[in-house]
Amino acid sequence: MKTLAHVLRTGLLRAWSTRVALLVSVLFVVVGVAAPLLVPQDPNAQNLGARLLPPLSDGHLLGTDLLGRDVLSRLIMGTRVALIVALVAVTVSVLIGVVVGLVSGYYGGWVDSVLMRIIDAWLAFPFLLLAIAIVAILGPGLRNVIIALIASGWVLYVRLVRGETLSLREREFVASARMLGVGTVAIMVKHILPNIFAPIMVVATLEIGVVIVTEASLSFLGLGVDAAQPTWGSMLADGKAYVATAWWLALLPGLMIFLIALAVNIVGDALRDLLDPRTKSSARSVDPELAQRVGVTGDARRSAP
């Protein structure tokens, strides 16, 4: 397993675009974690006497919105919401997908058949449409948005892990472990999982961008977190009617969504090329469903067996 220092030293930071993308990603995490300490003003404090102030106004670096709320403070707190949603949704999706994928791929037979039919049925629903349906049933709110994103995204990791496990379970080192009496769980955790960690990490990195965009889309449609919590999507929705007169209301949150999604995808592509040199310009380990959502293309792309 390559260490983080080795990864950074041997290739991840060689391209200037990757360096910039990694810097943007790190800033995203730092700002999200430290958001309550960084906001210059209360993001929900209204001042109708200072509404629609342009950027660089006195006391409001990025201006104010239609209710006189500080745009910079709301962008910073929106970063925190996006970070929480992305990390929790992707982490839980990975855990569920890895467990189900390992079981399906290792045991095969009727277990694999049943699980794959469930996965195929689940993937028949478009990702965003499924998330919208779940939030519409559960209601808006941070917890329900995360649940919807987990329910929509875990199947990608099942397909990935299952395909890799089907290949690895027939390898000599797995057969040797069985002959030595190593238990099934130990084989899956200690022998198979470490060998598929790299593609899982690549897909999870790419999926962070997808989750951020989806959360923003739900908030834009009024199905996101509570109205009291500033989000990039809700800010974009509030500013769409003022594009001609107050351009910063829609441009700034839209720019944040674009930059973070782009940065995460560049870092994910760099990780894929570094950790799997055989597919420098393809997406060997990326499921077609994910490839369609994040824009990965290439003749070498394949689905899980």
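Here the sequence shown stands for residues 7 to 311, numbered as in our numbering. Just so it is clear, CB atoms sit at the ideal spot from N, CA and C, and this is done for glycine as well.
7 Å CB neighbourhood of G230 in its chain, flanking five on each side removed: P146, V151, E221, L224, T237, G239 and S240
Length-filtered (4 minimum) alpha helix (DSSP H) runs lying within the stretch 230-291: 238-245 and 254-281
Chain B within 8 Å of A21, Cβ atoms only: Included in the structure is just one protein chain, with no chain B present.
Contact between the stretch 167-180 and the stretch 51-71 (3+ Cβ pairs under 8 Å): no
Under the three-state DSSP convention, the category D76 falls into: strand
Buried or exposed (CB count within 10 angstroms, at least 16 for buried), D4: Residue numbering for the chain in the displayed model covers 7 to 311; residue 4 lies beyond these limits and cannot be assessed.
Close beta carbons around N201, own chain, < 7 Å, minus the five adjacent residues each side: L174
Short Cβ contact (8 Å threshold) for L162 with G103: yes
Start-end ranges of the alpha helix (DSSP H) lying completely within the stretch 22-104, minimum 4 residues: 22-39 and 41-44
Nearest residue (CA-CA) to L135, options A157, L148 and M122: A157
S79, buried or exposed, once every other Cβ within 10 Å from all chains shown has been counted against 16: buried
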